[in-house]
Structures are given as structure tokens and as C-alpha cells.
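One structure is given here, and the rest of the page talks about it.
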């Protein structure tokens, strides 16, 4: 059974990202810690972790209808470390839950999948200390294409050891 230690962050989708940014900074007290240029996105922190909330802009020209919807993009659940994340991967596979993608974000390693209702979830572990400062310095180009994580190779390497 997977046992996340906490809800790590929430990612929303919105049409007017500038208006949403103004709301979260001026009304709700969040700080902008990073941005994406394509697709447009803003990452917010309350000062304790790399990001508590992210908002991605919904492009009007999106091909897939689900990409045009506003609202929840995904909920991220933090696990203790990479070993726990590997255990999560095994558990998802044992329960025949399809993995949408597994990614090395630099500041985190993540597995994305959907619950039975189709809601996207992320299980992740932080990589190293000082994630907030490292995230502030991460450029939007590197954030546009993160390398995949291959748990199958990790599993095979562990069996050979």
C-alpha cells in the first residue's frame, strides 16, 4: 500500500493566467518562485517548499478537448525518498494501474497516473535539500523537457546486484 507523507502541491489550469497570478499574490499571499514560458505557467510558494501551487494556462488552440478545460490538473502526493517512490511504482504495477509518465524534474522525481475516476495524481520525492532555492534558479527552457525516469531499468539493476 502506498503511504504518502503529505499533499505536496496542487496544479490548476486557467484561461487568464495573469488574473490568476494577481489573485494568488495580492489576495492569497503566495510568492511567485518560477515561470514556464511554453505552455505559460506560474509556480507559487508559501515560503516553505519549492512550490505549493502551480497554474498552467489553457491554450485556446489546444487539439485535445481535455486540454481546453479549466480546473484541476493534478494533485501531488509526496513520499519520503526515492526508495519509497520505487515501492510506489511497484505497487501501481501490481494493481495494474497504468503509468501516464515518470519524470526526473531535477528538484523532484515523479510518477504520474490516474485514479479510477480519471483524476491525475503525482507521487514524488524531493531530490536533495534546498528545493525552493534550486527551483527559483531553474530556467524555463530546462523545465520544458524533463528526462524520463525508467523504473524498469532500476528494477533490473537491483535484481542483478
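Numbering (this note's numbering), first residue to last: 1 to 161.
Every residue, glycine too, gets a C-beta built ideally from N, C-alpha and C.
Here's a check: name, in chain order, each residue in its chain whose Cβ is nearer than 8 Å to the Cβ of residue 33, leaving out the five neighbours to either side.
The residue given as residue 33 occupies position 33 in the chain shown. Taken in chain order, the residues that qualify are 43, 44, 45, 50, 51, 132, 135, 136.
Could you tell me the alpha carbon to alpha carbon distance between residue 125 and residue 107, rounded to whole angstroms?
Looking up residue 125 in the chain shown gives position 125. Looking up residue 107 in the chain shown gives position 107. Cα to Cα, the separation comes out at about 9 Å.
So, is residue 78 buried or exposed, given that buried needs 16 or more other C-beta atoms within 10 angstroms?
As a working mapping, residue 78 is identified with position 78 in the chain shown. By the neighbour-count rule (16 or more Cβ atoms within 10 Å), residue 78 is buried.
In angstroms, rounded to a whole number, what distance separates the CA positions of residue 219 and residue 121?
Look at the range of the chain in this structure, 1 to 161, and you will see that residue 219 is not part of it.
For residue 86, name the three-state secondary structure that DSSP assigns.
Numbered from 1 along the chain shown, position 86 holds the residue referred to as residue 86. It is helical.
If residue 70 sits next to residue 13, beta carbons under 8 Å apart, how far is it from one beta carbon to the other, in whole angstroms?
Stepping through the chain shown from its first residue, residue 70 is reached at position 70. Stepping through the chain shown from its first residue, residue 13 is reached at position 13. 5 Å between Cβ atoms; contact.
Cβ-Cβ separation, residue 104 to residue 146 (assumed contact under 8 Å), whole Å:
Taking the chain shown and counting its residues from 1, one reaches residue 146 at position 146. Taking the chain shown and counting its residues from 1, one reaches residue 104 at position 104. The pair is a contact, with the Cβ atoms about 6 Å apart (cut-off 8 Å).
Meets three-Cβ-pair contact criterion under 8 Å: the segment 1-18 and the segment 72-89:
yes
Given that a residue counts as buried once 16 or more other Cβ atoms are within 10 Å of its Cβ, and exposed if not, what is residue 110?
Within the chain shown, residue 110 is the residue found at index 110, counting from 1. With 16 or more other Cβ atoms within 10 Å, it is buried.
Taking the beta carbon of residue 5 as the centre, do at least 16 other beta carbons fall within 10 Å, making it buried, or is it exposed?
Translated into the one-based positions of the chain shown, residue 5 becomes position 5. Per the 10 Å Cβ criterion, exposed.
Quick one: using the 10 Å Cβ neighbour count with 16 as the cut-off for buried, is residue 80 buried or exposed?
As a working mapping, residue 80 is identified with position 80 in the chain shown. Burial call: exposed.
So is residue 47 buried or exposed if we call it buried at 16+ other beta carbons inside 10 Å?
One-based indexing of the chain shown puts residue 47 at position 47. Classification for residue 47: exposed.
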